[in-house]
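Each remark here refers to the structure printed beneath this line.
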Amino acid sequence: MKQHQNIRGALWAIAVTISAFAGSVIAQENVGTVRQPLVGGAVVDAARQEEFGLLGYTDNSGACSASLLRNDWVVTAAHCVDVQDAKGNFIPDPARPGQNRLKPIGSMVLSAAWRTPQSQKAVQVITFRPYDVALIKVAAPFRVQGSTTGYSRLVFQDGQFPYFGEPVGANLLVFGQGINVFASGQGASAMPSSSDGLYRMSYAKPTYNKDNRYWYPSVNGQMIAGGDSGGPSFAWVLSGYALVGVHSLTHTTRVPGKPTTGWTWVTSTPEAADAPIAPVWKEIFKIMGPLPPNPAVLPNTQTGNVGTFAKTPPDFHPIWLYGIQPNGDLMWYRKDSNAATWQGPKKVGVGWSGLKDLIAAGGNRFYGLTQDGKLMWYQHDGFNDGTFNWKPIREVGSGWNYSRIFSGGDGIIYAIRQDGKLFWYRQAGFRSGSGDLGVAKEVGSGWGDFKDVFSTGRGHVYAVQADGTLLLYLQKGYETGEKNWYPAQAVGSSWGDFQQIIPTSDDVILAIRKDGKLMWYKRSATPRKSPLDRVKMRWEGPVELGSGWQGFGKVVALMPENTTEVVR
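Heads up: the sequence shown begins at 1194 in our numbering, then just goes up one per residue.
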């Protein structure tokens, strides 16, 4: 079977092979006239299309997909707007070195099949070769959620937890409209592909970067089924869904003897690629001009300053929060009592967006994980009043290439490896940053499938399942890393809907909703009479402590110390 590489044309979908094909679609296989449907991802309704700013693009010679960056600015693939000769080659534009000639701008139309259908003509087009990205200005703004102003698409870039700008390994939400039946058979009995034209969405995970694109394979029977150039891919970061790239290229297999261009005779698509937005974002941003209100970059005064409500926690303890802004600034906040307003924000650091992750270490200390796998120790001596006063940074570990790390307090770090195994570390000298973290101890397995995992210290580890169920695991001998746990207990539901969960201590948990509201919860338990007893749970809260918290890459709470210095 010969594999082809194709610019992704007008169609795209996620397709799944049906059992009638015995688990595979092979072009040479004699399947006669039998053609089973290939089921795509979930169909996207008009409301969802409007939420993500999904558009269609047409001109005199073809069609693509596109999406909104702002009400009057659209992004798509550059090859959708570039002129090609009779052989399919792009024609360089001598007036724009490095770019290609454009199709007639007057022929370009962007359309929205939303609850209120709309269309606008293009008035300006800019391409960003060698990246397959094009920016289009439309004649009048699209009306989104009833307004022609205020729409601003968050873009995937450095400083956003948990991926920090790297598409490879990110969980992508991909959109497209296209093939729902692959071509099949051979010779005179071969059947062409077909499309129902419906927008669909599904998921993918890029595995490598090459040729100014990030590539993601077809796995588990799902196939990226061709086309839909310019359609968007998104990743969930803590500020919301961020635009990662636009559909650019696919590898295909085809029915033998049939044309090797177009999508009529495509039998499978082993992998596909998108052009990333991040490398050209600064240039795009400059062209579009001043930014309207954007949830990814909030003025400091809008973040976390709502501190007093009629309903307040009865046993509120002081809270210190640190938020990493997308520009790398580290902001400090403090709330001392249920009646107190928030202190802050105060900028206590710069350049923190370069970290892959930041977690509490215990007291006024943190561990930061660098891009090259080094674990750094930080101590904020100005934590009481929000002054810019830090101890010298110390490197306490290297080779930290885990899929997730989280704090257990008092110098304890839990690390989940790619195979789902859970490891325990403890730095005996976490108060001074002295010494390393010793030898890792394996304390569990099967931890890789949770949506979120965190700890409030003292061996209390919480895990959020895909359906939002909150599980509590209690580790016996957490001080020394024993592989000994009480059975997991479900203690809550609907915990998968938060933008971020922030553990503090004593089973107090803060959570940021997608609308930016900061919520307070506290779990209380009836003591066990014997190790076999189930813990009886009750919750205090939720209590709203603030608003405007959705703009941070990550928010971390200090975890008060619970123990004396550990000697090993």
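Beta carbons are placed, not taken as given, at the ideal position from N, Cα and C, and that holds for glycine.
Using a 10 angstroms sphere on the CB of Phe1478, the tally of other CB atoms stays under 16, which defines it as exposed. The shortest C-alpha to C-alpha distance from Gly1650 to any of Ile1606, Ala1659, Gly1685 is the one to Ile1606.
Straight across, the Cα-Cα distance linking Tyr1560 with Ser1600 is about 9 Å.
Three or more beta-carbon pairs separated by less than 8 Å link the stretch 1242-1262 to the stretch 1423-1430, which places the two stretches in contact. The secondary-structure analysis by DSSP pairs Thr1320 across a beta bridge with Ala1327.
The three-state reading of DSSP puts Trp1713 in strand, counting E and B together.
Its chain contains Lys1330, Ala1332 as the residues whose beta carbon lies nearer than 6 Å to that of Val1316, once the 5 sequence neighbours on both sides are disregarded; these appear in chain order.
Taking C-beta atoms as the reference points, Arg1241 and Tyr1344 fail to come closer than 7 Å.
For Trp1408, the enclosing beta strand (DSSP E) starts and ends at 1406-1410. In this structure, the CA atom of Tyr1324 is about 24 Å from the CA atom of Asn1253. Per DSSP, Phe1478 is one residue of the alpha helix (DSSP H) stretching across 1474-1481. A straight-line Cα-Cα distance of about 27 Å links Gly1547 and Glu1754. By the C-beta density criterion, Pro1696 is buried, having at least 16 other C-beta atoms within 10 angstroms. Around Lys1644, the same chain offers Val1657, Gln1658, Ala1659, Gly1689 as residues with beta carbons nearer than 7 Å, after the five sequence neighbours per side are excluded. Ranking Ser1596, Trp1617, Gly1482 by CA distance to the CA of Arg1610 puts Ser1596 first. Under the DSSP definition of a beta bridge, Glu1635 partners with Phe1616.
The beta carbon of Arg1294 sits closer than 6 Å to the beta carbons of Val1276, Ile1284, Asp1286 from its chain, once the five residues preceding and following it are set aside; these are given in chain order.
The stretch 1732-1741 makes no contact with the stretch 1537-1544, as fewer than three CB pairs between them are under 8 Å.
Residue nearest to Asp1278 within the set Arg1706, Ala1327, Lys1296 is Lys1296 (criterion: CA-CA distance). Rounded to whole angstroms, the separation of the alpha carbons of Asp1529 and Lys1398 is 43 Å.
A straight line joining the alpha-carbon of Met1481 with that of Ser1386 spans about 39 Å. Contact between Val1326 and Val1268 holds: CB atoms are separated by about 7 Å, below the 8 Å threshold. The beta carbons of Leu1751 and Trp1513 sit closer together than 7 Å. For Val1654, the pairing in a beta bridge is given by DSSP as Ser1648, Tyr1666.
Assignment of Gly1358 by DSSP, reduced to helix, strand and coil, places it in the coil class. The beta carbon of Gly1516 sits closer than 6 Å to the beta carbons of Met1524, Phe1745, Val1748 from its chain, once the five residues preceding and following it are set aside; these are given in chain order.
Residue pairing of Ile1605 in beta bridges, as defined by DSSP: Gly1602, Arg1619.
Using a Cβ distance threshold of 7 Å, Gly1674 and Trp1617 count as a contacting pair.
Annotation for Arg1289: no beta strand (DSSP E) segment contains it, and DSSP assigns it neither H nor E. Looking only at Gly1291, Phe1335, Thr1309, Trp1429, the smallest Cα-Cα distance to Val1302 is reached by Phe1335.
For Ala1750, the three-state secondary structure derived from DSSP is strand. Counting C-beta atoms within 10 angstroms of its own C-beta, Val1589 has 16 or more neighbours from the protein chains shown and is therefore classed as buried.
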